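**Student:** Protein chains in written order, with our numbering: chain A, 219 to 467; chain B, -7 to 196. Dropping the structure in here first, questions after.
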């Protein structure tokens, strides 16, 4: 009986020790896996932050390009005109000179909004798009419009930067290559998603040709993926190009 | 006897190293309590060995009183590590039950029931701590965390010693005490390893 008790004791102790070893190994495996997942999450977060910073730099560069262009080709031209008008000033054309200078001042005021560093740092999607559309119309680049449908919802500020940059790239291509006369941007808010549709009535292109060499499109898709948004570009020759972005809240 | 002496030497070394760790590596509350725990074990075991083998006196009362201090220290040690209010409440209830049982059994000096209850409580505290490590949202290098090694050490001693204390009253063969000594040695070796390999307390 005594011997049997001893055997039971030894066996049960060994079993418990083995169970503990198994549990510790299991803990180690889980802990390693968890650490691995956390590291991945961390690097993903860093990549996102880096992408945001790069996007902000791109927006800043684009803005500076606009400012440079406006100063030289728009405000510069207006002030040159005012100077010429002043050289031949008389009481009859005084109003014309005043009008030119007022127009220059208005252009400078509009431009100053873009120069404000807070604008780039805290880009708010709707306001930034409205400014962009207003700029296109003011400079007669294209006949642009912005429509907002549905109940507006708050968009994460960092995600807004990404979406704005995607649209900015689309606008830039529209103005440079599409020969479009109209650009229509629609923000359609629903409870769980935002559908952004940007459409131009330009010359369009063959989708398969662009997909082969479309670095711009690839960039757009990569950025959209970062914020888990879906992106879809459609184009038909002579009928224009449409960009659809689906952003989920 | 040889194995017991070896175990005692190991206990003293672990206690000394924990004091060294406390003064030179990390002065956290956990380390202070751990040093206190290991020192108490080393001192009581030394006194116990002296009483048992030199002056030939029973050590039952000494160990009975010691058990209350040891399990209270373990309870406080893990109370500092676990922040979850519900878990702390469970720990407190378990320890109160232990103290009440200690008081009730004081007349009979029944060590085995107390050890079973204390080991069970300690295992629950250890599970809570490991669960906390797993649930943490931070990257943890657990190999460098002293409480992890202490937890593993306690696990290897307290849980496997439960069957020993269940059969404690029926055991007449002293050779089976070797199991307990071996478990104690393994626990001390694991804590020693933790003291040597761990760095300053990590917040998680």
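In this text, a Cβ means the ideal position worked out from N, Cα and C, and glycines have one as well. Owing to the predicted nature of the structure, the values given are computational and were not obtained by experimental measurement.
Go ahead and pull the three-state DSSP assignment for residue 48 of chain B.
**Tutor:** Taking the second chain and counting its residues from 1, the one referred to as residue 48 of chain B is at position 56. Residue state, collapsed to three classes: coil.
**Student:** Buried or exposed for residue 195 of chain B, please, with buried defined as at least 16 other CB atoms from any protein chain shown within 10 angstroms of its CB.
**Tutor:** To locate residue 195 of chain B, count along the second chain from 1; it is residue 203. Only weak support exists for where residue 195 of chain B lies, its pLDDT of 49 falling under 50; the value from the coordinates is given anyway. Classification of residue 195 of chain B: exposed, given that the 10 Å Cβ count is below 16.
**Student:** If you check the beta carbons only, do residue 321 of chain A and residue 296 of chain A fall under 9 Å apart?
**Tutor:** By one-based count along the first chain, residue 321 of chain A stands at place 103. By one-based count along the first chain, residue 296 of chain A stands at place 78. Going by C-beta atoms, residue 321 of chain A is nearer than 9 Å to residue 296 of chain A.
**Student:** Hey, out of B:150, B:140 and B:173, whose CA is closest to residue 243 of chain A's CA?
**Tutor:** Your numbering for residue 243 of chain A matches position 25 in the first chain. Ranking the options by Cα distance to residue 243 of chain A, first place goes to B:140.
**Student:** Below 7 Å on C-beta distance, what does residue 144 of chain B contact in chain A?
**Tutor:** In the second chain, the residue the question calls residue 144 of chain B occupies position 152. Chain A residues near residue 144 of chain B: 242.
**Student:** Using the beta-carbon count (16 or more within 10 Å), is residue 247 of chain A buried or exposed?
**Tutor:** Counting from 1 along the first chain, the entry for residue 247 of chain A is found at position 29. Counting Cβ neighbours within 10 Å, residue 247 of chain A comes out exposed, since fewer than 16 surround it.
**Student:** Residue 269 of chain B touches chain A at which residues, Cβ-Cβ below 9 Å?
**Tutor:** Given a span of -7 to 196 for chain B in the structure shown, any question on residue 269 of chain B remains unanswerable.
**Student:** In whole angstroms, what is the alpha-carbon distance linking residue 298 of chain A and residue 459 of chain A?
**Tutor:** Your numbering for residue 298 of chain A matches position 80 in the first chain. Your numbering for residue 459 of chain A matches position 241 in the first chain. In a straight line, the C-alpha of residue 298 of chain A is about 38 Å away from that of residue 459 of chain A.
**Student:** Would you say residue 263 of chain A faces chain B, with C-beta separation under 9 Å as the test?
**Tutor:** In the first chain, residue 263 of chain A corresponds to position 45, counting from 1. It does not; no Cβ of chain B falls within 9 Å.
**Student:** Using a beta-carbon distance below 9 Å, is residue 134 of chain B in contact with chain A?
**Tutor:** Here the question's residue 134 of chain B lines up with position 142 in the second chain. Yes, residue 134 of chain B lies at the interface with chain A (some Cβ there is under 9 Å from its Cβ).
**Student:** Within 8 Å, do at least three Cβ pairs link the stretch 379 to 394 of chain A to the stretch 442 to 460 of chain A?
**Tutor:** Verdict: yes, contact present.
**Student:** Please decide whether residue 168 of chain B counts as near chain A, where near means a Cβ-Cβ distance under 9 Å.
**Tutor:** Walking along the second chain from the start, residue 168 of chain B turns up at place 176. Contact of residue 168 of chain B with chain A is assigned, a C-beta pair being separated by under 9 Å.
**Student:** What in chain A is Cβ-close to residue 162 of chain B, meaning under 7 Å?
**Tutor:** If you number the second chain from 1, residue 162 of chain B lands on position 170. Those within 7 Å of residue 162 of chain B in chain A are 223.
**Student:** If residue 187 of chain B and residue 20 of chain B are in contact, beta carbons under 8 Å, what's the gap, nearest whole angstrom?
**Tutor:** By 1-based counting over the second chain, the position of residue 187 of chain B is 195. By 1-based counting over the second chain, the position of residue 20 of chain B is 28. Not confirmed; about 13 Å, so no contact.
**Student:** Can you list, in chain order, the residues of its chain with a C-beta nearer than 7 Å to that of residue 86 of chain B? Leave out the 5 residues immediately preceding and following it.
**Tutor:** Counting from one through the second chain, the residue named residue 86 of chain B turns up at place 94. So the list reads 113 and 116, once near-sequence residues are dropped.
**Student:** So the candidates are A:421, A:400, A:311 and A:352; which of them puts its Cα closest to the Cα of residue 324 of chain A?
**Tutor:** For this step, residue 324 of chain A is matched to residue 106 along the first chain. The alpha carbon of residue 324 of chain A has as its nearest neighbour, out of A:421, A:400, A:311 and A:352, the alpha carbon of A:352.
**Student:** My output table needs one value for residue 271 of chain A: the three-state DSSP class, helix, strand or coil.
**Tutor:** By one-based count along the first chain, residue 271 of chain A stands at place 53. Three-state result, residue 271 of chain A: helix.
**Student:** Closest Cβ-Cβ distance between residue 197 of chain B and chain A: below 9 Å?
**Tutor:** Residue 197 of chain B lies beyond the residue range present for chain B, which begins at -7 and ends at 196; the question has no answer from this structure.
**Student:** Please state whether DSSP places residue 450 of chain A in a helix, a strand or coil.
**Tutor:** Your numbering for residue 450 of chain A matches position 232 in the first chain. If DSSP states are grouped into helix, strand and coil, residue 450 of chain A belongs with the strands.
**Student:** Which bits of chain A does residue 148 of chain B rub up against, with CB to CB less than 8 Å?
**Tutor:** The residue labelled residue 148 of chain B in the question sits at position 156 within the second chain. Those are 235 and 238, listed as they occur along chain A.
**Student:** For the stretch 93 to 107 of chain B and the stretch 147 to 158 of chain B, state whether three or more C-beta atom pairs, one from each stretch, are separated by less than 8 Å.
**Tutor:** With the cut-off at 8 Å, the stretch 93 to 107 of chain B and the stretch 147 to 158 of chain B touch.
**Student:** Pick from B:14, B:45, B:46 and B:80: whose alpha carbon is nearest that of residue 31 of chain B?
**Tutor:** Position 39 of the second chain, counted from the start, is the residue given in the question as residue 31 of chain B. When each option's Cα is compared against that of residue 31 of chain B, the closest is B:14.
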